Each structure stands twice: as structure tokens, then as C-alpha cells.
Amino acid sequence: MREWLPKALALLLALTLLAPVFGWAAGQVGYAEPLENAAEATGATDDAESTVSAPLPDYAVPGLGSAMGTFVSAVVGTALTLLAALVLGRLLGADADAD
Amino acid sequence: MHIPDGYVDLSIAVFCAVLSVAVLSVAARRVGGEVSDARAPLLGVVAAGVFAAQMLNWPIPGGTSAHFVGGAFAAILLGPHLGALCLATVVTIQALVFGDGGLVVLGANVFNMAIVEVYVGYAVYRLLAPYGEFRAAFAAGWLGITAGALTAAVQLGLSSAFEYQLLTTVAIMGVGHLVLGLVEGAITAVVYRYLARARPDLRPDAVSEVAADA
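As you go down the protein sequences, you meet chains D and X in turn.
Going by UniProt numbering, the first residue of the first sequence is number 1, and it counts up by one from there.
Going by UniProt numbering, the first residue of the second sequence is number 1, and it counts up by one from there.
Right under this line is the structure:
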């Protein structure tokens with residue numbers, strides 16, 4: 001295990017802890033992206049379809065409060081991304097060995 | 001900047017998906033020889049870091065909000081091809097697990113955030129790096145996200161849901177992200193400078209030293 005890895009993992013955990021804090025702060029100013037503003041300006045807003053098949057839609061966990069749901073989503077998503085990218089890295093590396 | 005399903009016409013979504021798959025296949029081939037055992041964990045950590053950082057919505061007084069996308073950041077740290085694959089992983093997980101960005105338009109979202117932002121950001125960085133890495137990283141984040149927003153605006157502006165109001169979508173998203181992109185540029189530059197100082201061995205041009213270390 002490379003010596004920088006534990007530090008990196010601690011940093012990732014710190015970021016996930018910040019997620020609910022930022023979520024609350026963004027809610028205070030009213031979260032709106034330019035994409036949403038463009039949709040409103042052209043009347044497209046109602047055409048948006050939410051992805052019903054997503055297990056944790058909108059970074060919320062059914063049964064958990066908003067802050068806890070955001071935190072759990074952040075941990076789950078960060079861990080899944082770490083895993084997926086590590087697998088991808090291994091596959092690409094395996095390609096290199098095969099060449 | 002994550003487009004939900006229903007916004008972009010199917011033909012445009014399919015076109016972008018084909019384009020994204022083509023570019024990512026080339027990226028995977030190009031990168032094949034470069035992913036050493038030492039570099040694979042870095043890809044994982046950068047991807048996870050980008051995912052976690054994207055969850056932080058920076059509140060901007062005046063009723064708007066932006067989050068760091070990280071395309072240029074990943075490109076500078078990992079190189080453009082690995083950076084593109086890194087962002088594509090993040091955008092795909094966001095869509096599949098959290099419904100952030102639609103499934104039909106996944107190819108379009110990957111194109112905007114994992115391809116346009118990454119490669120434009122990297123090109124800007126390379127172009128300006130001789131004049132100072134900090135400034136170059138700032139411009140890369142800033143212009144990279146603006147470029148990604150512009151291609152998103154074109155996809156939306158050519159779609160029926162947006163009544164083909166291309167000028168409106170380009171103006172709102174282009175100007176919006178040109179302003180919000182300053183946050184992206186600042187985070188890209190500050191975090192990159194910190195990493196470059198703390199861990200000079202993580203820089204792309206130090207790959208061989210890391211490999212020799214391991």
C-alpha cells in the first residue's frame with residue numbers, strides 16, 4: 001500500500017463530511033444552475049424526466065433526513081467511484097501488460 | 001450541468017453517445033501503456049475526489065450555485081486521456097446510482113464534462129503553462145467548464161423541448177458558466193498548486209520516478 005493512500009482516503013472522508021454542510025448552504029441561497037435557468041427561459045422545465053431507476057435519487061436515502069441522506073450518498077458514491085476507477089485502472093494496466 | 005432525460009432530442013443524444021464511445025475508446029487505447037501499477041491507485045483517488053468535490057455546491061449569493069466539475073483538474077493531474085476516462089466514470093455513477101443526469105443523455109453528459117471540459121482544459125493548460133502553472137491551471141478550469149457548458153447549450157438549443165432557442169441557451173449557459181467558472185478555475189489552481197508542492201512525485205511528468213520508487 002502506497003504511503004500517501006491513507007492520507008488521500010482521510011481527505012475523501014473529510015470531503016464527504018462537508019457535503020451536507022454545503023448542501024445546507026446552497027439551499028439557503030436557493031440552488032439554481034444556468035441549465036435550470038435556460039430551461040425556465042425556454043419553457044422546457046416540465047419536459048425533464050427524473051431517472052426513476054436510480055437507487056439513491058437526488059443523493060437522498062429513503063427514510064433518512066436530508067443531511068444524513070446527503071452524507072450517506074456522498075460516502076456510497078465516493079466509495080463506488082473509487083472502486084470503479086481502481087478496476088478501470090487495473091483493466092487498462094492489464095492491457096499494457098498484454099501488449 | 002447534468003442534463004436530465006427529456007431535454008435533448010433522441011437523435012442528438014444518440015449522436016453524442018456514439019461520439020463519446022469513440023473518443024473514450026481512443027483514450028483507453030492511448031492510455032493503455034501508461035497505467036503503471038503506481039498510477040492505478042491515483043486514478044481511483046482522483047476519480048473519488050472529483051465525485052466527492054462535485055457534491056459540494058458552492059453557494060453564490062444572488063440565488064445561484066455551482067459545483068466544481070473537475071475535468072481540467074483531472075486532465076492536468078492524470079493527462080487528458082486518463083482524465084477523460086476518470087470523469088466518464090464519475091458521470092456514469094452519478095447517472096446510474098443517483099439519477100443525476102439522465103440515462104438516455106448519458107453520452108451527451110459524458111461528452112460535455114468528460115471530453116470537452118477535459119480536453120479543452122488540458123489544451124489551455126499546456127498552452128499557458130510556460131507563463132506560470134498556477135495561472136495556467138486557473139484558466140484551464142475556467143475555460144474548460146465554459147466550453148463544456150457551451151456544448152451542453154448547443155445540444156439543448158437544438159432540441160424541441162427548448163423550442164430550438166439556441167441563442168437563449170448559449171447565452172444563459174455560456175455567460176452563466178463563464179462567471180461560475182471562476183470558482184472552478186480557482187479550485188483547480190489552488191488544489192493543483194497544493195498537490196504539486198506537497199507531492200511533486202504525483203505530477204504526470206514524474207511517472208517514471210514513481211514507477212521506479214514502487
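For every residue, glycine included, the Cβ atom is placed at its ideal position computed from N, Cα and C.
Values in this document were obtained by computation on a predicted structure and should not be read as measured data.
Chain D places no beta carbon closer than 7 Å to that of residue 151 of chain X, leaving this residue out of the contacts. The beta carbons of residue 71 of chain X and residue 133 of chain X sit no closer together than 7 Å.
Listed as beta-bridge partners of residue 49 of chain D by DSSP are X:5. Put simply, of X:202, X:21 and X:203 the residue whose alpha carbon is nearest the alpha carbon of residue 108 of chain X is X:21. Selection D:52, D:67, D:71 and D:83 evaluated against residue 15 of chain D yields D:71 as nearest (Cα-Cα). Among the residues facing chain X, residue 16 of chain D is included, as its CB has a counterpart in that chain under 7 Å away. Rounded to the nearest angstrom, the gap between the Cα atoms of residue 162 of chain X and residue 23 of chain D is 28 Å. Around the beta carbon of residue 91 of chain X, a 10 Å sphere encloses 16 or more other beta carbons of the protein chains shown; the residue is thus reported as buried. Judged by DSSP in its simplified three-state form, residue 159 of chain X adopts coil rather than helix or strand. By the Cβ neighbour-count rule, residue 11 of chain X is exposed, with fewer than 16 other Cβ atoms within 10 Å of its own. At a cut-off of 7 Å between beta carbons, residue 22 of chain D contacts chain X.
Annotation: Cβ neighbours of residue 37 of chain X in chain D (cutoff 8 Å, chain order): 93. Pairing residue 189 of chain X with residue 137 of chain X gives a Cβ-Cβ distance under 7 Å. Scanning X:155, X:82 and X:57 for the CA closest to the CA of residue 114 of chain X turns up X:82. Burial is judged here by how many other beta carbons sit within 10 angstroms of a residue's own beta carbon; residue 39 of chain X has at least 16 and is buried.
Within a 10 Å sphere around the beta-carbon of residue 67 of chain D sit fewer than 16 other beta-carbons, which makes this residue exposed. A contact between stretches requires three or more CB pairs, one per stretch, nearer than 8 Å, and the stretch 120 to 128 of chain X fails this requirement with the stretch 78 to 89 of chain D. Close to residue 103 of chain X, with beta-carbon spacing below 8 Å, are these residues of chain D in chain order: 51 and 53. Contact check for residue 76 of chain D against residue 69 of chain D fails: the beta carbons are separated by 7 Å or more.
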